[in-house]
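Working notes, beginning with the structure itself.
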Amino acid sequence: MTQETLSFQAEVKQLLQLMIHSLYSNKEIFLRELISNASDAADKLRFEAIADAALYENDADLRIRIAYDATARTITIEDNGIGMSREEAIANLGTIARSGTKEFFAKLSGDAQKDAALIGQFGVGFYSGFIIADQITVESRRAGLPASEGVRWHSAGDGEFSVEAIERPARGTSITLHLREGEDDFLSAWRLKSIIRKYSDHIALPILMVKEEWDQEKQETVRLDEDETINQASALWARAKSEIDESQYKTFYQHLAHDQQEPLIWTHNRVEGRNEYIQLLYVPSQAPFDLWDRNQRGGLKLYVKRVFVMEDAEQLLPAYLRFIRGVVDTNDLPLNVSREILQESRDVKAIRDGVTKRSLSMLEELAEKEAEKYAAFWQQFGQVLKEGMGEDQANRERIAALLRFASTTQDTAAQTVTLADYVARMKEGQTKIYYVTADSWQAARNSPHLEVFRNKGVEVLLLTDRVDEWMLSFLNEFEGKPLSSVARGDLDLGALSDAEKAEQAKASETLQPVIEKMKEVLQDKVKDVRTTFRLTDSPACLIVDENEMSGYLQRILKSAGQ
Ligand code: ADP
Ligand code: MG
């Protein structure tokens, strides 16, 4: 079994087509993606070597090397990271292993710009090499395997790839791109260096290239017997804030989150005291396609003293903040920490509380200072944040203040009204915050329950998101004002005048025979029939008792088969 030829997974074929066309205008990102993979491979080796130092094979200076060959028209990206076995090469470079592949393809629109953003989020970096290469050769050996178990993977990006066994003393991976016709401008040290500095400066290990120099005598550029480090090669989050500019923060985010777009905001600080850690947290500007995937883990990478320890460390963030991306680097945990240990550690609990507070204050600041950006945030992630009302009792008040609602004072479905806005507008004598729930904004604003509120000029919040009913069970009051559904029990819209009351009593009496008749006709279809003064235009409406489920919730449960 030396050489075998295999087919790419159908999705990969589709993806290759799409990528070559939609990312062509931004083709230099191939280098960012391949360097990012090399850096991940170094992280993985460091992590596995915590348990088994022999994996370093006496070569613990991890680095990435970039080289080009103008005659052969190739670029090579080489690392001494974890490497791949034959099986791993087949699995990792022939399929898309990530969960959510189906959703991803379902979301593709054919609009190059939008799809390019999706591709970024999906993190299908390796295949981006085919944007500029018509042939890619990967040679690799996994750390710990003998030299005879090297593997060569080769593909022209046309649906098939081959793998064969090779002898490879060097641990790690080397990826050689054979350039397509017309891509020769990448065959220059100057060009490659500038791309590396632009996208990969934050990579924490050195990216090396052979030094070149102009030779006066020969009148040509010659290669020296010496390397030069192109990037800063220090972990970005560990640098002082004053030494990091905005664009560095942004490119770091794009690397971290596999997102082509810029982040909406970020926060970076060093926590000192009982627990010491650095946190760099970002809010993306767009929700990832798998935001609603229950299995989706948290977006924080955990480092211990600059050493990468874990991807998606969900213990560091509550689920309702799963849209946050970033890095936590602590001195308080052992390097060989496992997910199980994380679950029980008190230090982790303290970090999680700290990260949560920091995330909330980042959002508070955004809401206060940049309302427009906050609105964009709310539109993307507001529904997830609402889950926090149930999940995070300790921060419930802060989360409540971050909520935004549609309301009868606004002529749009956009959710912009805060509970504080509402309270400030409450009528004299009004004691409650009123809301109505429905499946759509149209249905909510046309609810007959609203008539009396409109007449009295009392604002009503219009709640139409799926999570709202659930959320409301945790949102009983705000600033001491209880929340109350307009569809529940007796309405107490402030004291009515005596004259009004007398008139109502008389009307009730006159209507008594009608009520009796209706009870007879409806019998056990309803619990009770009452005269009401809450309607002004509609003749009748259905209400629920104080302690019963609302009509909307009943319908949701029914549709869920309960
Ligand atoms: P992602 O990086 O998001 O997982 P990629 O398409 O960039 O997706 O890479 C696919 C997979 O191929 C990686 O997850 C990794 O397992 C493997 N891989 C790619 N490049 C390397 C490398 N230089 N060393 C080891 N494994 C690699
Ligand atoms: Mg990658």
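Just add 887 to wherever you are in the sequence shown, counting from 1, and you've got the working numbering.
A virtual CB, placed ideally from N, CA and C, is assigned to each residue, including glycine.
Nothing here was measured: the structure is a model prediction, and the numbers come from that model.
In the DSSP assignment, the residues bridged to H1041 are T1024, S1049. Put simply, the backbone Cα of F934 is about 8 Å away from that of N1223.
With respect to V1242, L1272 sits apart: the two C-beta atoms are not nearer than 8 Å. P1369 sits away from K1314, with the two beta carbons spaced by 8 Å or more.
DSSP places E891 in the strand class (E or B) of the three-state scheme.
Not a single heavy atom of the ligand ADP lies less than 7 Å from the C-beta of N967. The three-state secondary structure of L1220, taken from DSSP, is coil. Sequence-distant Cβ neighbours of L1253 in its own chain, meaning closer than 7 Å and more than five residues away, are I1152, K1260, Y1261, F1264. Remark: C-beta atoms of A1206 and E1278 approach each other more closely than 8 Å.
In this chain, the beta strand (DSSP E) harbouring L1349 covers 1347-1350. The beta carbon of E920 sits closer than 7 Å to at least one heavy atom of the ligand ADP.
Look at G1059 here: in three-state DSSP terms it is strand. If the five residues before and after E1364 are omitted, its C-beta is found closer than 7 Å to the C-beta atoms of L1370, all from its own chain and listed in chain order. Residues of the same chain with a CB within less than 8 Å of the CB of T961, apart from the 5 flanking positions on each side, are Y955, T1063, L1064, H1065, L1066 in chain order. Bounds of the beta strand (DSSP E) holding Y1321 are 1320-1324. Residue state for V1097 is assigned as strand, using DSSP reduced to three classes.
Residue burial annotation: S1294 is buried, with at least 16 other C-beta atoms found within 10 angstroms of its C-beta. Here the segment 1047-1062 lies against the segment 1016-1033, with 3 or more beta-carbon pairs under 8 Å apart.
Distance from V1038 to G981 at the Cβ level is roughly 12 Å; contact not present, criterion being Cβ atoms closer than 8 Å.
The beta carbon of Y1169 sits closer than 6 Å to those of Y1140, P1150, W1153, R1212, G1213, all from its chain and outside the five residues before and after it, given in chain order. In this structure, the straight-line span from the alpha carbon of L1074 to that of T963 is close to 11 Å.
In the three-state reduction of the DSSP assignment, I1131 falls in the coil class.
Remark: C-beta atoms of I1117 and R1084 approach each other more closely than 8 Å. K1406 has its alpha-carbon roughly 14 Å from the corresponding atom of L1429.
Contact between the segment 1320-1333 and the segment 1294-1309 is present: three or more C-beta pairs spanning the two stretches fall below 8 Å. About 37 Å separates the CB atoms of V1416 and E1366; that is not less than 8 Å, and the two are not in contact. For F1013, the shortest separation between its Cβ and any heavy atom of the ligand MG lies below 7 Å. Distance check between E1070 and each of A1427, E915, L1348 places E915 closest, using alpha-carbon atoms only.
In this structure, DSSP gives M971 a state outside helix and strand, which the three-state scheme calls coil.
For the set K1080, G1046, E1274, E1107, the Cα lying nearest the Cα of R952 is the one of K1080. Using a 10 angstroms sphere on the CB of Q1302, the tally of other CB atoms reaches 16 or more, which defines it as buried.
Contact between the segment 1085-1099 and the segment 1116-1135 is present, with at least three C-beta pairs closer than 8 Å.
In the three-state scheme derived from DSSP, where H, G and I count as helix and E and B as strand, E1068 is classed as coil. Boundaries of the alpha helix (DSSP H) around N924: 916-938. Taking all protein chains shown into account, G968 has 16 or more neighbouring C-beta atoms within 10 Å of its C-beta and is therefore buried. Between S1035 and L910, the C-beta gap is not smaller than 8 Å, which leaves the two residues out of contact.
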